[in-house]
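**Q** Sequential numbering from 1 applies to the sequence shown in the UniProt record's numbering.
Please see the structure below; I have some questions.
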Amino acid sequence: MAKKKRGKKKPAPNLTPKQRRFAEEYLLDLNAVQAAVRAGYTKATASSQAAQLLKKPAVRKLVDELVAERSKRTQITTDRVLEELAHLAFSSRDHYEGGEGGVPLTLKKDAPPGAMRAISSIKKTILMGGGSPLSLVK
């Protein structure tokens, strides 16, 4: 039984270098117009070029393949991103206890799993003798 050769994938057939570049650039921000500009199309025609490029089956196929490769490589899925955003969006001060008077901030027992990921810093404001606030960020 013959072994499969492993190496660089062959470029997508029937695509120009500009079209390949568009597909690669599109993955950066999923902004087709900006991808067209970065791929070398003029700003004046980028919008119409982008729409046409995304309608081409060969370009669409390459974009889909590149997205699948990246998802496999990074293990980042749309569901995982939405789950992380949900942790941030639905985080509540009610999930935590402490944080005042030198007591460390901790999760309450009924806090959802991963709730601590919503905390990026803790700001402590101390009022000095004259009432002027001094803020410390940890």
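Note that CB positions come from ideal geometry on N, CA and C, so glycine has one too.
In angstroms with no decimal places, state the Cα-to-Cα distance between A89 and T16.
**A** On the sequence shown, residue 89 is found 89 positions in, with the first residue counted as 1. On the sequence shown, residue 16 is found 16 positions in, with the first residue counted as 1. The straight-line gap from Cα to Cα measures roughly 43 Å.
**Q** Mapping DSSP to helix, strand and coil, what is K72?
**A** Within the sequence shown, numbered from 1, the residue matching residue 72 stands at position 72. DSSP places K72 in helix when its eight states are reduced to three.
**Q** For A23 and R60, I'd like the C-alpha separation in whole angstroms.
**A** Position 23 of the sequence shown, counted from the start, is the residue given in the question as residue 23. Position 60 of the sequence shown, counted from the start, is the residue given in the question as residue 60. Taking the straight line from one Cα to the other gives about 8 Å.
**Q** Count the CB pairs spanning the stretch 60 to 79 and the stretch 19 to 38 that are closer than 8 Å, and state whether there are at least three.
**A** With the cut-off at 8 Å, the stretch 60 to 79 and the stretch 19 to 38 touch.
**Q** Restricting to Cα atoms, I'd like to know which of L85, L105 and T42 is closest to D94.
**A** For the purposes of this step, residue 94 is taken as the residue at position 94 of the sequence shown. Residue L105 is the option with its Cα nearest to D94.
**Q** Would you mind sorting A39 into buried or exposed? The rule is 16 or more other CB atoms within 10 Å of its CB.
**A** Residue 39 sits at position 39 when you count from the first residue of the sequence shown. The residue is buried, with at least 16 neighbouring Cβ atoms inside 10 Å.
**Q** Give me the residue from A58, A46, K18 and R20 with the minimum Cα distance to N31.
**A** Counting from 1 along the sequence shown, the entry for residue 31 is found at position 31. The option with the nearest alpha carbon to N31 is A46.
**Q** Write down the C-beta distance between L107 and A115 rounded to the nearest angstrom, noting that I regard them as a contact closer than 8 Å.
**A** On the sequence shown, residue 107 is found 107 positions in, with the first residue counted as 1. On the sequence shown, residue 115 is found 115 positions in, with the first residue counted as 1. Yes, they are in contact, since the Cβ atoms of L107 and A115 sit about 6 Å apart, within 8 Å.
**Q** Is it buried or exposed, A35, if we count other Cβ atoms within 10 angstroms and call 16 or more buried?
**A** The count along the sequence shown starts at 1 and reaches residue 35 at position 35. Counting Cβ neighbours within 10 Å, A35 comes out buried, since at least 16 surround it.
**Q** Determine whether the beta carbon atoms of L54 and Q19 lie at a separation below 8 Å.
**A** The sequence position of residue 54 within the sequence shown is 54, counting from 1. The sequence position of residue 19 within the sequence shown is 19, counting from 1. Contact: no.
**Q** Determine, using beta carbons only, whether V33 and A50 come nearer to each other than 8 Å.
**A** As a working mapping, residue 33 is identified with position 33 in the sequence shown. As a working mapping, residue 50 is identified with position 50 in the sequence shown. Yes; because the gap between Cβ atoms is below 8 Å, this pair is in contact.
**Q** Figure out for me which residue from T78, K124, P112 and G99 has the closest Cα to the Cα of S91.
**A** By 1-based counting over the sequence shown, the position of residue 91 is 91. The candidate whose alpha carbon is nearest that of S91 is P112.
**Q** I'd like to check one pair, G99 with I122: are the Cβ atoms closer than 8 Å?
**A** For the purposes of this step, residue 122 is taken as residue 122 along the sequence shown, with counting starting at 1. For the purposes of this step, residue 99 is taken as residue 99 along the sequence shown, with counting starting at 1. Result yes, Cβ atoms of I122 and G99 sit closer than 8 Å.
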